[in-house]
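Numbering of the sequence shown is given in full-length UniProt numbering, commencing with residue 1 and proceeding in unit increments. Backbone N, C-alpha and C define an ideal beta-carbon position, used for all residues, glycine too.
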Amino acid sequence: MDPDLDFDNTPARGLQRYVTAVAAELGLVGECSCADPGPPATAYLAVEGYVPSLPDQDLALLWDEEFGWAGAVETLTGEPPVVIAYLRGDVLPATAEVAAFVAAMLRGDHPGDPRPMRLRAYGAADDLMDRLSEYPAGTTRPDLG
């Protein structure tokens with residue numbers, strides 16, 4: 001085995017570290033998240049609370065490598081969550097930005113945009129995989145590595 005290989009320095013591990021950091025920023029503990037390296041890469045976070053206008057439906061955060069973060073509500077019928085707002089900007093925003101997005105939804109504000117906007121193309125030759133690979137444990141900034 002090559003001692004220079006770092007098996008933690010992969011996009012899949014980086015995505016898990018990033019999602020864990022977002023969960024920590026939100027004060028979530030336990031098994032509240034999952035990350036799937038894909039393709040396409042996706043993540044899910046169960047948020048504690050609900051949107052005031054939809055008090056019977058739990059709030060969740062969804063992430064994918066094309067659209068970034070989206071706020072969604074769990075359905076009462078067990079169907080996939082329904083997206084209510086997309087966080088625009090960077091596909092890997094700082095965890096504080098994601099937390100502010102969630103806080104606004106929990107207050108009943110209308111952050112983001114209900115319309116999907118592709119932030120990058122699936123499989124694009126950009127720096128996303130490098131940013132994920134380099135995402136360090138214990139940080140809240142995906143651009144630091």
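Look up residue 126 in the DSSP assignment and say whether it is helix, strand or coil.
-> In the sequence shown, counting from the first residue as 1, residue 126 sits at position 126. Three-state result, residue 126: coil.
Since residue 135 is in the beta strand (DSSP E), which residue starts that stretch and which ends it?
-> Counted from its first residue, the sequence shown places residue 135 at position 135. That residue, residue 135, is in no beta strand (DSSP E); it is neither H nor E in DSSP.
Which listed residue (36, 59 and 31) has its alpha carbon closest to that of residue 15 | Taking the first residue of the sequence shown as position 1, residue 15 is located at position 15. The shortest C-alpha separation from residue 15 is found at 36.
Assuming residue 137 contacts residue 105 (C-beta within less than 8 Å), just tell me the rounded distance between them.
-> Counted from its first residue, the sequence shown places residue 137 at position 137. Counted from its first residue, the sequence shown places residue 105 at position 105. Their Cβ separation, rounded to whole angstroms, is 27 Å, which puts residue 137 and residue 105 out of contact at 8 Å.
For residue 83, I'd like the list of residues in its chain whose CB is within less than 6 Å of its CB, leaving aside the five on either flank, ordered along the chain.
-> Mapped onto the sequence shown, residue 83 falls at position 83. Closer than 6 Å at the Cβ level, and outside the excluded window around residue 83, lie 70 and 72.
Could you pull the start and end residues of the beta strand (DSSP E) that residue 148 belongs to?
-> As shown, the chain starts at 1 and ends at 145. That puts residue 148 outside it, with no answer to give.
With DSSP collapsed to three states, give me the class of residue 21.
-> Taking the first residue of the sequence shown as 1, we reach residue 21 at position 21. Correct three-state label for residue 21: helix.
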